[in-house]
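Participant: Just dropping this structure here.
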Amino acid sequence: MSLVNVTNVVVLDNPTQFTNPFQFELTFDCLQDLSEDLEWKVIYVGSSESSDNDQILEEVLVGPVSSGCHKFVLQADAPDASLLHDGVLGVTVVLITCSYRDHEFVRIGYYVNNSRRENEQEENMFMSAEEHLEAGSNIDLSNVIRTTLADKPRVTRFSITWDEKSVEMLDDSSPIFSTPIACKNPVENDDYRRIVSPMEDSIMEE
């Protein structure tokens, strides 16, 4: 089975202003001491068409990791709005990944919805079509609220070689999260840019 198992993720400060950092409280179990660090990343999907527009918001090495239960807060800056191919508003995905020896073994994805504050939405109701277009291209980020759909994660696990002698044996007998998640038929295509609902737990091999 996997030497590292994510047991819980709490999305902190949610909902929040678009420009505020992402904060995830991660809890994971490690079955034995690891000889190398774990690499955690937070990735913001910037386009539904290509991964070229994805932004790596944070990369951090955690270690040394000993056997036992571990908890820490992974914080990442907000994405650069000027680099978002599909614009700021609407639904996208944020990913948390973890790798060992440059091999990714778990990926947790959340839908993210960015919308205007309610008072600004009410003001926009009385705009003309031309004013709506102008407002859309000149968004005041302080009036954009980011909501991470924390109760609908999609978890994908990858089979990796943890050391030179052993290959991970995946045990799918229990959910990766302590909170209920959809766990039906594993999917074969791990393309988060195809927005599906609900997110499901799946297992993939490299």
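Mapping the sequence shown onto the numbering used here, position 177 (from 1) lands on 177, and the numbers just tick up by one.
All C-beta atoms, glycine included, are put in the ideal place defined by N, C-alpha and C.
Please state whether the Cβ-Cβ distance between residue 108 and residue 153 is less than 8 Å.
Facilitator: Residue 108 sits at position 108 when you count from the first residue of the sequence shown. Residue 153 sits at position 153 when you count from the first residue of the sequence shown. Closer than 8 Å, so yes.
Participant: Could you give the residue range of the beta strand (DSSP E) that holds residue 40?
Facilitator: Reading the sequence shown from its first residue, position 40 is the one you call residue 40. Taken as a continuous stretch (DSSP letters only), the beta strand (DSSP E) holding residue 40 covers 38–44.
Participant: With 16 as the cutoff for other CB atoms within 10 Å, does residue 69 come out buried or exposed?
Facilitator: Translated into the one-based positions of the sequence shown, residue 69 becomes position 69. Residue 69 is exposed by the Cβ-count criterion.
Participant: Please report the distance separating the alpha-carbon of residue 170 from that of residue 16.
Facilitator: In the sequence shown, residue 170 corresponds to position 170, counting from 1. In the sequence shown, residue 16 corresponds to position 16, counting from 1. At residue 170 the pLDDT is 42, less than 50, meaning the model places this residue with poor confidence; the figure from the coordinates comes in the next sentence. Looking at the two C-alpha atoms, the distance is approximately 36 Å.
Participant: With distances taken from CA atoms, which of 38, 21 and 22 is nearest residue 29?
Facilitator: The count along the sequence shown starts at 1 and reaches residue 29 at position 29. Comparing Cα positions, the closest option is 38.
Participant: Can residue 42 and residue 57 be called in contact, C-beta distance under 8 Å?
Facilitator: The sequence position of residue 42 within the sequence shown is 42, counting from 1. The sequence position of residue 57 within the sequence shown is 57, counting from 1. Yes, these two residues count as a Cβ contact at 8 Å.
Participant: Suppose you measure from the CA of residue 26 to the CA of residue 67; what does that come to, to the nearest Å?
Facilitator: Here residue 26 is taken as the residue at index 26 of the sequence shown, counted from 1. Here residue 67 is taken as the residue at index 67 of the sequence shown, counted from 1. Rounded to whole angstroms, residue 26 to residue 67 spans 16 Å at the Cα level.
Participant: Rounded to whole angstroms, what is the Cα-Cα separation between residue 142 and residue 162?
Facilitator: Walking along the sequence shown from the start, residue 142 turns up at place 142. Walking along the sequence shown from the start, residue 162 turns up at place 162. For residue 142 and residue 162, the distance between alpha carbons rounds to 44 Å.
Participant: Where do the ends of the beta strand (DSSP E) carrying residue 159 lie?
Facilitator: One-based indexing of the sequence shown puts residue 159 at position 159. Looking at the DSSP string, the run of the beta strand (DSSP E) that includes residue 159 is 154–159.
Participant: What separation, rounded to the nearest whole angstrom, lies between the Cα atoms of residue 14 and residue 146?
Facilitator: Locating residue 14 in the sequence shown gives position 14, counting from the first residue. Locating residue 146 in the sequence shown gives position 146, counting from the first residue. Each residue's Cα considered, the two are about 8 Å apart.
Participant: Which residue marks the beginning of the beta strand (DSSP E) containing residue 68, and which one marks its end?
Facilitator: Counting from 1 along the sequence shown, the entry for residue 68 is found at position 68. Counting along the chain, the beta strand (DSSP E) containing residue 68 begins and ends at 68–76.
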